[in-house]
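*Asks:* Provided herewith is a single structure, encoded as C-alpha cells, for subsequent inquiry.
Residue numbers (my numbering): 27 to 333.
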C-alpha cells in the first residue's frame, strides 16, 4: 500500500443558483487527499491517513475515498468538525477563507497515530497540514518514525500565506527532507526554500541533504528528476488548460504509481534509479497531470483514461 498522510477538507466553491443568488458548492479536496485519490484511480494500492470527522462533510470525504478505491481504515475518526475552505475568485485568481479551528484534521496529534501495517510500502506527506498545529507535528513524527522502514516522499506544497511561524516551519521541512527518499518540489517552492538561483542546480543540491530522488516541476516547462545516477527530463504535454487545481497532487501519484508498477518502490531501488527509469516515471506523472489540468477542479484520471 502507498499511504498518503495529510489534509482532507471541503472546498466550498462559488456558484450562482437558478434564481441568481450567490451560493457555495461543497467539493472534497486537500492536496494530500487529492494525491490519495489519484493513486487509487491510477490502480496503485492506496491508503489514506488523516483526522477525519464523522460529520456530514467527513462522510462525504470518506465516500470519495471509497469510490476511488482508497483504503481509509487508518484514518482517525472524531466528532470534531471538518475543515472548510471557502473560495472566492477575483479576476480568475482564487482566494481562500479557511475555517479550521478545532477541526478533526487539524487536531490530530502524534499520540493519535496508529501503528502502520507491514503492507504499507511507501508513505507520502506534505501540503498545508505541515503548517498547522498540532497536526503538523503529528505528520512530522509519523514520517520520522517510519523513514527507516519504508519509502518516504515529501511534497512541501508551500503556501507562504498559511505559515504562522516561518522559522519553525523551515526547521520542520529540514528534518523531513533529511529522512525523505523522494522530494517533489515546484520551481516556486524551491525559490522560497533556497532563494534565487538556477532551479536545476538548486534541485540537484537537495540531493546532498538526504533524498535519493528529487523531482522538480516547472509547470508548462515540464519536469525533471535528479538522482545519484543522473537526471531525466520530460516536457509538459500540450493540452488546453481549464485550471491547475490538483495538477501537482496528481503528478505525485503518477510518480509513485510508476515506481510501483516498475517494481522500483524500495529504498535501494530508488537510490539506483537510472535516467531511463526516471524518465519513465516522469512520463506517467506528466500524462496524468495533463488530464487533471484539462478538467475543472481536482479530478484525477483513472488508469483507463491513460490507456
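We treat Cβ as the ideally placed atom computed from N, Cα and C, and that holds for glycine.
It should be emphasised that the depicted structure is a prediction, and the values quoted were computed from it without experimental measurement.
Between which two residues does the beta strand (DSSP E) containing residue 319 stretch?
*Replies:* Run containing residue 319: none in the beta strand (DSSP E); it sits in the alpha helix (DSSP H), 301-319.
*Asks:* Return the CA-CA distance between residue 312 and residue 199, expressed in angstroms with no decimal places.
*Replies:* 25 Å
*Asks:* Rank 81, 64 and 298 by C-alpha distance to the C-alpha of residue 150 and give the top, closest one.
*Replies:* The residue from 81, 64 and 298 with its alpha-carbon nearest to that of residue 150 is 64.
*Asks:* Of all the beta strand (DSSP E) runs that stay within the bounds of the segment 186-225, which reach a length of 3 or more residues?
*Replies:* Counting whole runs of 3 or more residues, the segment 186-225 contains the beta strand (DSSP E) stretches 208-212.
*Asks:* Taking 7 Å as the limit between beta carbons, can you name the residues of its chain near residue 172, skipping five residues before and five after?
*Replies:* 142, 149 and 178
*Asks:* Using CA atoms only, rank isn't needed, just tell me which of 285, 94 and 270 is closest to residue 246.
*Replies:* 270
*Asks:* Which whole-angstrom value is the C-beta distance of residue 237 and residue 203, which I expect to be below 8 Å?
*Replies:* 7 Å
*Asks:* Between residue 113 and residue 308, what straight-line distance do the alpha-carbon atoms span, to the nearest angstrom?
*Replies:* Cα to Cα, the separation comes out at about 31 Å.
*Asks:* Measuring alpha carbon to alpha carbon, tell me which residue in 242, 257, 254 and 37 is nearest residue 210.
*Replies:* 242
*Asks:* What would DSSP say about residue 104, mapped onto helix, strand or coil?
*Replies:* strand
*Asks:* Out of 320, 138, 132 and 67, which one is the CA nearest neighbour of residue 156?
*Replies:* 132
*Asks:* Does DSSP put residue 288 in a helix, a strand or coil?
*Replies:* Residue 288 falls in the coil class under three-state DSSP.
*Asks:* Below 8 Å on the Cβ atoms is my contact criterion, and I expect residue 164 with residue 145 to pass it. Report the Cβ-Cβ distance as a whole number of Å.
*Replies:* In fact, because the Cβ distance is near 21 Å, the residues do not count as touching under 8 Å.
*Asks:* Can you name, in chain order, every residue of its own chain whose Cβ lies under 8 Å from the Cβ of residue 168, other than the five neighbours on each side?
*Replies:* 31, 75, 136, 139, 149 and 151
*Asks:* On a Cα-Cα basis, can you pick out the residue from 147, 193 and 192 that is closest to residue 174?
*Replies:* 147
*Asks:* Please list the terminal residues of the continuous beta strand (DSSP E) segment that includes residue 40.
*Replies:* 35-42
*Asks:* Which term fits residue 268, buried or exposed, when burial requires 16 or more other beta carbons within 10 angstroms of its beta carbon?
*Replies:* exposed
*Asks:* Since residue 68 and residue 283 are thought to touch, with beta carbons under 8 Å apart, how far apart are those beta carbons, to the nearest angstrom?
*Replies:* 4 Å
*Asks:* Could you give the residue range of the beta strand (DSSP E) that holds residue 173?
*Replies:* Looking at the DSSP string, residue 173 is not in any beta strand (DSSP E), and its letter there is neither H nor E.
*Asks:* Is it buried or exposed, residue 235, if we count other Cβ atoms within 10 angstroms and call 16 or more buried?
*Replies:* Exposed, since its Cβ has fewer than 16 Cβ neighbours within 10 Å.
*Asks:* If you count every other CB in all the chains shown that lies within 10 Å of the CB of residue 331, and 16 or more means buried, which is it?
*Replies:* exposed
*Asks:* Tell me whether residue 89 is buried or exposed, calling it buried when 16 or more other Cβ atoms sit within 10 Å of its Cβ.
*Replies:* exposed
*Asks:* May I ask you to list the residues that DSSP assigns as paired with residue 124?
*Replies:* 111
*Asks:* Enumerated in chain order, which unbroken segments of the alpha helix (DSSP H) with a length of 4 residues or greater are wholly contained in the segment 47-107?
*Replies:* 57-67 and 82-93
*Asks:* From this set, 59, 43 and 44, which residue's C-alpha is nearest residue 37's C-alpha?
*Replies:* Relative to the Cα of residue 37, the nearest Cα in the group 59, 43 and 44 belongs to 59.
*Asks:* Measure the Cβ-Cβ separation of residue 27 and residue 52 and say whether it is below 8 Å.
*Replies:* No, the pair does not count as a contact, with Cβ atoms beyond the cut-off.
*Asks:* What do you reckon, are the CB atoms on residue 329 and residue 273 nearer than 8 Å?
*Replies:* no
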